[in-house]
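Here the structure comes first, spelled out in structure tokens, and everything after it is commentary.
In this note's numbering, the protein residues as written are 6 to 160.
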């Protein structure tokens with residue numbers, strides 16, 4: 006067991022191997038967390054390569070670099086990725102259409118008709134409205150859109 010590092014001799018390559026193992030763990034259990042610890046490990050390996058640092062200080066540096074890299078990584082990802090699914094309409098289904106103004110394709114009579122959304126038609130409920138009129142989508146319930154006249158009242 007001579008290959009195992011003792012507390013007296015931790016070499017830079019030990020930190021680089023730990024970083025590689027953390028990257029493998031990131032691939033095996035994705036979640037964008039272990040990658041920041043791996044970066045801290047690689048950085049500490051560079052520090053130990055340049056400076057002879059005692060093991061106790063190395064461990065403290067690894068802890069500090071890990072915290073710093075996780076915080077910086079979270080900050081970076083929060084700018085890169087949207088905060089929630091609502092911000093890009095993903096996973097909202099028909100709810101993403103609320104607030105859009107659309108055209109009635111089949112007159113809304115007795116509270117039911119059809120409207121054109123993009124290149125498709127949807128069932129719509131709301132006040133009686135002639136075909137060709139513009140309406141505002143105020144709510145969505147599955148495949149049914151609830152609309153109101155653009156200058157009218159809520160349904």
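Here a beta-carbon is modelled for each residue, glycine too, at the ideal position from N, C-alpha and C.
For clarity, every value in this text was computed on a predicted model and none was experimentally measured.
Span of the beta strand (DSSP E) holding residue i?
| i | result |
| --- | --- |
| residue 125 | 125 to 130 |
| residue 32 | Segment 17 to 33 is the alpha helix (DSSP H) holding residue 32; no beta strand (DSSP E) there. |
| residue 102 | Taken as a continuous stretch (DSSP letters only), residue 102 belongs to no beta strand (DSSP E), as it is neither H nor E. |
| residue 145 | 139 to 146 |
| residue 136 | Residue 136 -> no beta strand (DSSP E), and no H or E assigned at all. |
| residue 118 | 117 to 122 |
| residue 153 | 149 to 154 |
How big is the Cα-Cα spacing for residue i and residue j?
| i | j | result |
| --- | --- | --- |
| residue 70 | residue 77 | 10 angstroms |
| residue 115 | residue 138 | 16 angstroms |
| residue 144 | residue 152 | 7 angstroms |
| residue 98 | residue 36 | 25 angstroms |
| residue 121 | residue 112 | 12 angstroms |
| residue 118 | residue 155 | 16 angstroms |
| residue 102 | residue 135 | 21 angstroms |
| residue 104 | residue 29 | 45 angstroms |
| residue 75 | residue 44 | 9 angstroms |
| residue 82 | residue 100 | 26 angstroms |
| residue 68 | residue 80 | 18 angstroms |
| residue 14 | residue 73 | 25 angstroms |
| residue 127 | residue 32 | 42 angstroms |
Identify the continuous alpha helix (DSSP H) that holds residue i and give its terminal residues.
| i | result |
| --- | --- |
| residue 65 | 60 to 85 |
| residue 50 | 39 to 55 |
Residue i and residue j look like a contact to me (Cβ under 8 angstroms); what is the Cβ gap, rounded to whole Å?
| i | j | result |
| --- | --- | --- |
| residue 40 | residue 17 | That pair is no contact at about 20 angstroms. |
| residue 162 | residue 147 | Outside the shown range of the chain (6 to 160) lies residue 162, about which nothing can therefore be said. |
| residue 58 | residue 66 | 7 angstroms |
| residue 129 | residue 150 | 5 angstroms |
| residue 142 | residue 109 | Contact flag wrong, Cβ pair sits at about 11 angstroms. |
| Looking at C-beta atoms only, is the number of pairs between the segment 42 to 52 and the segment 21 to 30 that lie closer than 8 angstroms three or more? | yes
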